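Numbering-wise, our numbering comes out as the position in the sequence shown, counting from 1, plus 564.
Written out below as structure tokens is the structure these notes cover.
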Amino acid sequence: MEYNFIKIKNIKEKVLQISLHNPKARNAINSIMLDELINCLDDLSKKKEIRILIITGEGQAFSAGADLEWMKQSINLTLEENKNDAMKFSKMLRKIDEFYCTTIAIINGHAFGGGLGLLSVCDFKIADSKSKFCFSEVKLGIIPAMIGPYILRNLGYNNTKKLFLTGEIFNADEAATLNLIDKFVSTKDIINERNILINKLLLGGPKAQTAIKTYLHNIYSKSISDDVISYAAENIADLRVSEEGQKGIKAFLNKSNPDWQNDIS
Numbered sequence: 565m566e567y568n569f570i571k572i573k574n575i576k577e578k579v580l581q582i583s584l585h586n587p588k589a590r591n592a593i594n595s596i597m598l599d600e601l602i603n604c605l606d607d608l609s610k611k612k613e614i615r616i617l618i619i620t621g622e623g624q625a626f627s628a629g630a631d632l633e634w635m636k637q638s639i640n641l642t643l644e645e646n647k648n649d650a651m652k653f654s655k656m657l658r659k660i661d662e663f664y665c666t667t668i669a670i671i672n673g674h675a676f677g678g679g680l681g682l683l684s685v686c687d688f689k690i691a692d693s694k695s696k697f698c699f700s701e702v703k704l705g706i707i708p709a710m711i712g713p714y715i716l717r718n719l720g721y722n723n724t725k726k727l728f729l730t731g732e733i734f735n736a737d738e739a740a741t742l743n744l745i746d747k748f749v750s751t752k753d754i755i756n757e758r759n760i761l762i763n764k765l766l767l768g769g770p771k772a773q774t775a776i777k778t779y780l781h782n783i784y785s786k787s788i789s790d791d792v793i794s795y796a797a798e799n800i801a802d803l804r805v806s807e808e809g810q811k812g813i814k815a816f817l818n819k820s821n822p823d824w825q826n827d828i829s
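Okay, structure coming up:
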């Protein structure tokens, strides 16, 4: 499928990169980009051929948030049309948040507004040390509503409230302290850092990694109860008797590598 606002690239076998591509607007998000992201994610989810999905920005910016032209159009939309527009963005975020394989955000430059929501739903976040971050919506008289649940999960209530209310710009060091990103490195080191993480992830069983994401998503914020304990037992039992689990355990006992590790280079 041809895309106009995203670019697809194979980094290595079973590792795919999606780059936001709106160079005239610092990779700002518009309605067409959302459609393309949703269609691409749906296609990847159906095929289940990759093990790692990387999301980054084309050029020197990750994403400036909402495209100005898109924002201009929203002024003339009805309440219901604006709600539908917002739901499309929320749909895209949720698809990444619940994506079957591991996701990595490579923040190659500034991330503002909705761009912060995009990185917040990825499993890992590595940023260029020069990156700046900002929840700028309040300065426009609106709120970062659709990204709010994911930011709250990462930053906690007080930090989220302060940054949403002020709309202040903060740097990569502050973003790491807030738990918005995992780490930041220099521009020249970011690809190497990405590759190190990729190789670590490829050591794990692909079905186990998918199961981990689903398992944690389902027990997050739940108190430890008989139902949660039973669900945990079912998960480990299912994986122990699965083909992947059997291969992994036998390989460990035989001091050999399971087959999913053989192609790591």
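Yeah, the Cβ is synthetic: ideal placement off N, Cα and C, and Gly gets one too.
For clarity, every value in this text was computed on a predicted model and none was experimentally measured.
The residues S583, L584, N591, S627, N672, G673, in chain order, have a CB closer than 7 Å to that of G621 in the same chain once the five nearest residues on each side in sequence are set aside. Collapsing the DSSP output to three states places A628 in coil. Residue L767 holds the alpha-carbon nearest to the alpha-carbon of S820 among A797, L767, A801. In this structure, the beta-carbon distance from G678 to G623 does not fall below 7 Å. Pairing D631 with I593, the inter-Cα distance amounts to about 5 Å. Classified as exposed, T741 has fewer than 16 neighbouring CB atoms from the shown chains inside 10 Å of its CB. For K747, the uninterrupted beta strand (DSSP E) run begins and ends at 747-749, by DSSP. By the neighbour-count criterion, in which 16 or more other beta carbons inside 10 Å mark a residue as buried, E613 falls on the exposed side.
Taking 3 residues as the shortest admissible run, the segment 644-732 contains the following complete beta strand (DSSP E) segments, listed from N- to C-terminal end: 666-671, 674-676, 688-692, 696-698. Excluding its 5 nearest sequence neighbours in each direction, A796 has C-beta neighbours in its own chain below 8 Å: Y779, I783, listed in chain order.
Comparing alpha carbon positions, the residue from I670, L727, N826, V805 closest to N759 is I670.
Boundaries of the beta strand (DSSP E) harbouring S583: 579-584, taken from the DSSP string.
Under the three-state reduction of DSSP, K573 is assigned to strand. Counting along the chain, T620 sits inside the beta strand (DSSP E) bounded by residues 616-621.
Short of 7 Å from the beta carbon of K771, and not among the five residues preceding or following it, lie these beta carbons of its own chain, in chain order: S806, E808. A Cβ-Cβ separation of about 21 Å leaves K689 out of contact with I602 under the 8 Å criterion. Taking a 10 Å sphere around the C-beta of M656, we find 16 or more other C-beta atoms and assign the residue as buried. Where P770 is concerned, the enclosing alpha helix (DSSP H) starts and stops at 770-783. Comparing alpha-carbon positions, the option among S787, I618, K610, L580 lying closest to L683 turns out to be I618. Annotated three-state conformation of I788 is coil, per DSSP. Approximately 7 Å separates the beta-carbon atoms of I596 and N568; this is inside 8 Å, confirming the contact. By the 16-neighbour rule on beta-carbons within 10 angstroms, F653 is buried. Remark: C-beta atoms of F728 and F697 do not approach each other more closely than 7 Å. Pairing C665 with R717 gives a Cβ-Cβ distance that is not under 7 Å.
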